[in-house]
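Data first, discussion second: the structure below is written as structure tokens.
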Amino acid sequence: MKIHEYQAKELMAGRGIPVPLGRMVTTVEEARAAVAPLIGESGNPVVVVKSQIHAGGRGKGRFVEHPDLGGVTVVTDGISGGVGAAEEAVAGLAEQMLGSTLVTIQTGSEGKVVNRLYIEQGIDIDRELYLSVLLDRARSRHIVMASTEGGTEIEVVAEETPEKILKEEIDPAVGLLPFQAARLAAGLGLEGDAGKNGARFMSALAEAAVDWDSDLIEINPLVVTTEGAVMALDGKMGFDSNALFRHPDVEAMRDESEEDPAELEASEFDLSFISLDGTIGCMVNGAGLAMATMDVIKYVGGEPANFLDVGGGATADKVTAAFKIITKDPNVKGIFVNIFGGIMRCDTIATGVVQAVQEVGLEVPLVVRLEGTNVELGRQIIAESGLNVVTADDMKDGAAKIVELSA
Amino acid sequence: MSVLIDKDTKVIVQGMGRTGQFHADKSIAYGTNIVGGVHPSKAGTTLSFSGETDHSGVPGRPDTYEVEVPIFGTVRDAKKTTGADATVVFVPPPFAADAIMEAAEAGIELIICVTEGIPVNDMVRAKRYLEDKPVRLVGPNCPGVITPKECRIGIMPGYIHTPGRIGVVSRSGTLTYEAVHQLTNNGLGQTTAIGIGGDPVNGTNFIDCLALFNDDPETEGVIMIGEIGGTAEEEAAAWITENMTKPVAGFIAGTTAPPGKRMGHAGAIISGGMGTADAKIAALEAAGVVVAPTPTDMGSAMLEALEKAGIS
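Protein sequences, first through last, are from chains A and B. Letter 154 of the first sequence, counting from 1, is numbered 153 in numbering that gives the first Met the number 0, and no numbers are missing. Letter 57 of the second sequence, counting from 1, is numbered 56 in numbering that gives the first Met the number 0, and no numbers are missing.
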């Protein structure tokens, strides 16, 4: 589960991790009202207006409605014009940004509608660094990763200058040790107060990351101010959805408007579903088989419309729900049901498919491939249903048939 | 011969709830030696299992079975009384890592965890706890381990398996069934099939299983089934190049998976350009592995790999 930048900063502030002052707003009036107290408290006449969406690249991103406007915009009007000028400028930006669609390298061409803005104090930046806490799968441990190349995407740094990436492993028995934090700070060239502040920041963040069950925290950039303070200028956080049961405060930060409606609906039925751009809807049991089914569709010349794992314990009702979600997608020109019945029996799936088709109707071709437990019974149920269903011998055969039928 | 489990393996079940009991029953019907269960609130009782024998399992048994399985409050008690050498964990996700560590502390040599949805942090801690203990963890989020006609531990359908010459190792349950089914149909059969699970932090990995199969005299070839996410397949490819003396066929799921999306399994995600199917396929092919273009071709890929190695 992902959260917004302002929520990540709220969590960090709650643990004493330094972040700039800021306020989240959803209206132009709130945006205007946020400016004076912010400038008053920070003493800095500069403020920044930041679009809050679950995607990176906001600064370089542009609005569909306002092609010259970036998703993160610095307002300097307060320097010469005072608080009133800053208020006017922020209100004007909020007017343009709220309700508009921001396209960044991570949103895809359709972009994301901005419903929330974060109005933040300006910071006098000395240096921009990079810091993250993430899982190193090969080592089965979390690591703290840091780099002097703040503001640049870490994948680019890893590709071009891997020697600039510093790593320290977190031993779950003892946490990130003080000498490791100090080593990272020194590696980043932080000295004096900045060195102490940097090490303290990293220790606190590493500890918090484990406590929160986050699966990724990325601070890019982590900034050193001209006064030697170290703080998070941006904050991207994701959480292990399997651990949310012990973090109701984090779960409450979920913003469902950021999620795909079909994926959201599927999650209510405990179905694992992901929307894709193709035309062949798939319904499969098992995550690996579901992925492989998409691959086979592509292999025989089609494009999958979704990933869907109905799970090992699918009931007829779950199958019906899955069918409804698939058929809702106007791009779907055919449906491929691919089941290897293990503990789940093929007759259960067949009954579910027949029930679903009778309930939902079927306007596109349907190919069903059944294999495994009670396969004969399952095929018989499909054959006797009188429905216009094509059966397949194996998954490659089934994929070829549905691609041909839907062409 | 086989790896990890055979007809003499004594198994306990941790988490004798509805799912645990259902699969304990299937395993008993298959002929697995289930010697006990662990369930704190039912300690001191017994659970009765009876039904029709699954004749695809251990041969030479009567047509029906009736078994009383003693339930213990702790793994330590179960181990002391039964001498169990393997456990299968069905405990719900919030408590599953603790169940794994309890089994390790009690000295159960083989811990097979079926539970899906264990928090990653819990598994990071559990793996750390297991580091210096003489135990092996398989899973979590896996279908288990089966040696055909000898021992079934987990949730896989027993009847699709047949004893034979090929070792199977996989991150995906249903794709394991596909491979096993094809190996049964083309007459190669299986020595042992191991599901290593779809989580980002797991116990036994591809390399561990490849090494076991490499050392097993009955195993003539191996099918390994991987998927997007992490670098376990790439590491396995490097190991194969250095060490593997037997032919390997493979399949990698997720060629069409979009980056940044978790494809059902917690571990199946392409992040930061890492963990793509294409990179894994390239690494395996460079190591001489015959990679099946679709899951339907896994059995024939194994035949091809055997043929290339001069084994008929």
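Note that CB positions come from ideal geometry on N, CA and C, so glycine has one too.
Proximity test, Cβ basis, 8 Å: residue i and chain B
i        : result
Leu275/A : yes
Gly294/A : Before going on, a small fix: residue 294/A reads as Asp here, not Gly. For Asp294/A, the answer is yes, since a Cβ of chain B falls inside 8 Å of its Cβ.
Val336/A : no
Glu154/A : yes
Thr430/A : Because chain A here runs from 0 to 406, residue 430/A falls outside it and cannot be looked at.
Val356/A : no
Pro220/A : no
His3/A   : no
Lys339/A : The amino acid occupying residue 339/A in the given sequence is Phe; Lys does not appear at that position. Yes, Phe339/A counts as interfacial toward chain B.
Collapsed DSSP secondary structure at residue i in the structure displayed
i        : result
Ser213/A : strand
Gly188/B : coil
Gln181/B : helix
Arg126/A : strand
Ile273/A : strand
Lys6/B   : coil
Thr326/A : helix
Val363/A : coil
Ala153/A : Note that residue 153/A is Ile in the sequence shown here, rather than Ala. Helix.
Gln13/B  : strand
Gln120/A : strand
His141/A : strand
Ala406/A : coil
Thr100/A : strand
Residue i versus residue j - alpha carbon distance
i        : j        : result
Ala406/A : Gly300/A : 10 Å
Val123/B : Gly186/B : 40 Å
Asp276/A : Ala256/B : 11 Å
Ala282/B : Met297/B : 18 Å
Gly172/B : Gly91/A  : 55 Å
Thr45/B  : Gly249/B : 43 Å
Ala203/A : Ala349/A : 54 Å
Asp308/A : Gly285/A : 5 Å
Gly110/A : Ile99/B  : 44 Å
Ile70/B  : Asp97/B  : 18 Å
Thr72/A  : Lys49/A  : 7 Å
Val46/A  : Ser99/A  : 21 Å
Val367/A : Gly397/A : 7 Å
His180/B : Leu376/A : 18 Å
Asp259/A : Thr314/A : 24 Å
Arg245/A : Ser271/A : 22 Å
Thr191/B : Arg199/A : 51 Å
Gly43/B  : Gly72/B  : 7 Å
Thr52/B  : Phe21/B  : 15 Å
Thr254/B : Ala231/B : 16 Å
Glu264/A : Asn43/A  : 45 Å
Val318/A : Ile324/A : 10 Å
Neighbour flag for residue i against chain A, beta carbons, 8 Å
i        : result
Tyr29/B  : no
Ala252/B : yes
Gly172/B : yes
Pro292/B : yes
Lys132/B : no
Lys126/B : yes
Glu234/B : yes
Pro139/B : no
Gly143/B : no
Gly14/B  : no
Gly309/B : no
Gly272/B : yes
His54/B  : no
Exercise. Should the region 277-287 of chain A be called in touch with the region 153-161 of chain B, which here means at least 3 C-beta pairs below 8 Å?
Worked result: no
Problem set entry | the region 237-248 of chain A: positions lying closer than 7 Å to chain B by Cβ | Asp239, Asn241, Ala242, Phe244
Exercise. Taking Cβ-Cβ distances below 7 Å as the criterion, which residues of the region 279-312 of chain A are in contact with chain B?
Worked result: Asn284, Gly285, Ala286, Gly287, Leu288, Ala289, Met290, Ala291, Met293, Asp294, Val295, Lys297, Tyr298, Pro303, Phe306, Asp308
Problem set entry | chain A contacts from the region 84-116 of chain B (Cβ-Cβ distance under 7 Å) | Pro92, Pro93, Gly116
Exercise. At a Cβ cut of 9 Å, what residues of the region 376-395 of chain A count as close to chain B, listed as they run along the chain?
Worked result: Asp393, Met394, Lys395
For this session: For the region 106-128 of chain A, enumerate the residues whose C-beta is nearer than 8 Å to any C-beta of chain B, in chain order.
Result: none
Problem set entry | the region 147-168 of chain B: positions lying closer than 9 Å to chain A by Cβ | Answer set for the region 147-168 of chain B: Ile154, Met155, Pro156, Tyr158, Ile159.
Problem set entry | Inter-stretch contact at 8 Å, needing at least 3 Cβ pairs: the region 238-247 of chain A / the region 24-38 of chain A | Flag = no, the region 238-247 of chain A and the region 24-38 of chain A do not touch.
For this session: Using a Cβ-Cβ cut-off of less than 9 Å, list which residues of the region 252-268 of chain B approach chain A; keep chain order.
Result: Ala252, Gly253, Thr254, Thr255, Ala256, Pro257, Gly259, Lys260, Arg261, Met262, Gly263, His264, Ala265, Gly266, Ala267
Exercise. Are at least three pairs of beta-carbons, each pair with one atom in the region 79-86 of chain A and one in the region 110-125 of chain A, less than 8 Å apart?
Worked result: no
For this session: Compile a chain-ordered list of the residues in the region 152-177 of chain A whose CB is closer than 8 Å to at least one CB of chain B.
Result: Ile153, Glu154, Ala157, Asp170, Pro171, Ala172
For this session: Evaluate the contact criterion for the region 327-340 of chain A versus the region 386-400 of chain A: three or more CB pairs, one atom per stretch, below 8 Å.
Result: Yes, since at least three Cβ pairs between the region 327-340 of chain A and the region 386-400 of chain A fall closer than 8 Å, the two stretches touch.
For this session: Identify each residue in the region 197-218 of chain B for which the Cβ-Cβ distance to at least one residue of chain A is less than 7 Å, and report them in chain order.
Result: Gly197, Pro199, Val200
For this session: Say whether the region 13-20 of chain A touches the region 51-58 of chain A, bearing in mind that this needs 3 or more beta-carbon pairs closer than 8 Å, one atom from each stretch.
Result: no
Exercise. Are the region 152-163 of chain A and the region 250-257 of chain A touching, with three or more C-beta to C-beta distances below 8 Å?
Worked result: no
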